[in-house]
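Down below is the structure, laid out as structure tokens.
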Amino acid sequence: MHSLYGLSPSAPAYINKAFVLVIVAASLVVNSSGVLLPSDLGDGTTPNLKAIFLGRCYDCEYCSEEQAGLYNCSGLWDAFSSSFSYQEPCNSVPEDFDDFVSMAFVPLADNQTLFYSGMYSIAMAIGRQSSDFTNIELTMLGGLVDGMTFCGMVDAPGINYDACPTFDSCENDVDALWKESSQYFAGQASGEVTVILDGSRADGAYRPKSFFRPQEVANLDPAKVTSLTAYVVHSLNGDVTEKCVTGSLLQLQEDVATRELNLNALTIQASLATFNASRIQDTKHVDPKQIRPPRLSARQRF
Numbered sequence: 001m002h003s004l005y006g007l008s009p010s011a012p013a014y015i016n017k018a019f020v021l022v023i024v025a026a027s028l029v030v031n032s033s034g035v036l037l038p039s040d041l042g043d044g045t046t047p048n049l050k051a052i053f054l055g056r057c058y059d060c061e062y063c064s065e066e067q068a069g070l071y072n073c074s075g076l077w078d079a080f081s082s083s084f085s086y087q088e089p090c091n092s093v094p095e096d097f098d099d100f101v102s103m104a105f106v107p108l109a110d111n112q113t114l115f116y117s118g119m120y121s122i123a124m125a126i127g128r129q130s131s132d133f134t135n136i137e138l139t140m141l142g143g144l145v146d147g148m149t150f151c152g153m154v155d156a157p158g159i160n161y162d163a164c165p166t167f168d169s170c171e172n173d174v175d176a177l178w179k180e181s182s183q184y185f186a187g188q189a190s191g192e193v194t195v196i197l198d199g200s201r202a203d204g205a206y207r208p209k210s211f212f213r214p215q216e217v218a219n220l221d222p223a224k225v226t227s228l229t230a231y232v233v234h235s236l237n238g239d240v241t242e243k244c245v246t247g248s249l250l251q252l253q254e255d256v257a258t259r260e261l262n263l264n265a266l267t268i269q270a271s272l273a274t275f276n277a278s279r280i281q282d283t284k285h286v287d288p289k290q291i292r293p294p295r296l297s298a299r300q301r302f
């Protein structure tokens, strides 16, 4: 007897059922060119997404006493979920999340904004250790969805819990949200801002496809930001791919100068497990000539 779409009447029921689930999951995820291949799909939306989202909001872990009463958690969920639910997941653009992003973010104090690229764990550790530094995941905006996967689907229930497009397959919902959030986070930064970069990456510390370069540096407001301090960190036992004023850091200098900002670049070799907020504070008491090149004039080109 012939099989239909790979289903065999003689095969055990659980095998046919599993095959059907794969077909259903794949057919629910489409883009402009049609159905995505199974290789384009990853895990579905995080189970219990709404409950986790609301729980994080009500817990308000990153809120000051003044901020705790500012958030309407159910309103935030509605703004977030309506940005992608009942829509094709590969048709998302960052602007879809405008309402949610503007509702969720409360501007930080001067000098508090912490960016990173390839240094998520270190940025989180520093932000948790010191109130002087805050990365986006330690704000309500980033904390609500940090580590979450989500994508929409046209049919009910509007959110696909079976399979979502991977980052490589298309600009998906998660990618669109983080782009919009990163742009907004950078645009609200003020005073002296800080970034931690991985100087041991083979593909460079300042990469074109990172969120930091196109979304954050490009949206720093020279009317509010006075300077950017970049910590280029190397593992004690790792490769030293780039130091300050070498490789991709030359492009960072140019991009920062274009935005009429000053750049302080510091190269630090340390155990990544012990590099923390106190290490950053310690460098502020060292003669700058010993650890970084001179401050770069906004009018200088490199």
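For the sequence shown, full-length UniProt numbering begins at 1 and goes up steadily by one. Glycine included, each C-beta is placed from N, C-alpha and C at the ideal position.
Cβ of residue i within 9 Å of Cβ of residue j?
{"i": "Q188", "j": "T113", "result": "yes"}
{"i": "S92", "j": "K50", "result": "no"}
{"i": "M119", "j": "T46", "result": "no"}
{"i": "A176", "j": "F97", "result": "yes"}
{"i": "F105", "j": "S181", "result": "yes"}
{"i": "P89", "j": "N172", "result": "yes"}
{"i": "T229", "j": "V193", "result": "yes"}
{"i": "F53", "j": "L141", "result": "no"}
{"i": "D168", "j": "R213", "result": "no"}
{"i": "M124", "j": "N111", "result": "no"}
{"i": "L261", "j": "P208", "result": "no"}
{"i": "L220", "j": "A186", "result": "yes"}
{"i": "I159", "j": "C151", "result": "yes"}
{"i": "L263", "j": "S227", "result": "yes"}
{"i": "M103", "j": "G69", "result": "no"}
{"i": "G42", "j": "A202", "result": "no"}
{"i": "Y161", "j": "G44", "result": "yes"}
In terms of residue numbering, what span does the beta strand (DSSP E) encompassing residue i cover?
{"i": "C73", "result": "Looking at the DSSP string, C73 is not in any beta strand (DSSP E); the run it does join, the alpha helix (DSSP H), is 73 to 81."}
{"i": "T226", "result": "225 to 235"}
{"i": "L41", "result": "41 to 43"}
Based on DSSP bridge pairs, tell me the residues matched to residue i.
{"i": "Y116", "result": "I196"}
{"i": "N264", "result": "T229"}
{"i": "G204", "result": "Bridge partners of G204: none, in fact."}
{"i": "G191", "result": "V225"}
With a threshold of 9 Å between beta carbons, is residue i in contact with chain B?
{"i": "L220", "result": "Note that chain B does not occur in the displayed structure, where there is just one protein chain."}
Would you give the residue range spanned by the alpha helix (DSSP H) that residue i belongs to?
{"i": "D59", "result": "49 to 59"}
{"i": "A104", "result": "98 to 104"}
{"i": "T258", "result": "249 to 258"}
Give me the Cβ distance between residue i and residue j, rounded to the nearest whole Å; I'm assuming they're in contact under 8 Å.
{"i": "F100", "j": "S85", "result": "Contact doesn't hold; Cβ gap of about 12 Å is too wide."}
{"i": "S200", "j": "H234", "result": "5 Å"}
{"i": "S117", "j": "Y206", "result": "7 Å"}
{"i": "E216", "j": "F115", "result": "5 Å"}
{"i": "A265", "j": "V245", "result": "6 Å"}
{"i": "V154", "j": "Q87", "result": "7 Å"}
{"i": "C57", "j": "C73", "result": "4 Å"}
{"i": "F133", "j": "I122", "result": "Wrong, their Cβ atoms sit about 11 Å apart, outside the cutoff."}
* **Contiguous beta strand (DSSP E) assignments of at least 3 residues, all confined to the region 108 to 178** => List check, beta strand (DSSP E) in window: 114 to 117, 163 to 165.
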